[in-house]
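Okay, so here's the structure we're looking at.
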Amino acid sequence: MPNIKSSVLSVRKDAKTNASNTAKKSEMRTAIKKAKAARAEGAANTAELVNLAYKKIDKAAKTNLIHKNTAARYKSNLAK
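Using the UniProt record's numbering, you'd call the opening residue of the sequence shown number 1 and step up by one each time.
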């Protein structure tokens, strides 16, 4: 644990940011899995789930949670 006040605050902020990023990335992955599962079983709301997954992927790329090429790859795999 650091002794300098600004470093202590940075550690605290980094922990919050890490938790937030982990949660957002998990939401994105869950949306992708749900969309793929819906497509595999031929569910009626497949298009809705794919659009939701696209939205989560785009938001993650916009906030630099994932790289833009990674986002493009995820979206391409969903579109196939």
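Just so it is clear, CB atoms sit at the ideal spot from N, CA and C, and this is done for glycine as well. A quick note: this is a predicted structure, and the numbers were derived from the prediction, not measured.
| request: For my contact list, residue 71 and residue 60 are in at a C-beta cut-off of 8 Å; report their separation, rounded to the angstrom. | output: 7 Å
| task | Check residue 4 in the structure and name its three-state DSSP category. | result | coil
| Between residue 65 and residue 32, is the Cβ-Cβ spacing less than 8 Å? | no
| message | Between residue 61 and chain C, is any beta-carbon pair separated by less than 8 Å? | response | Reference to chain C is not applicable here, since this structure consists of a single protein chain.
| Going by the beta-carbon positions, is the gap between residue 49 and residue 25 smaller than 8 Å? | no
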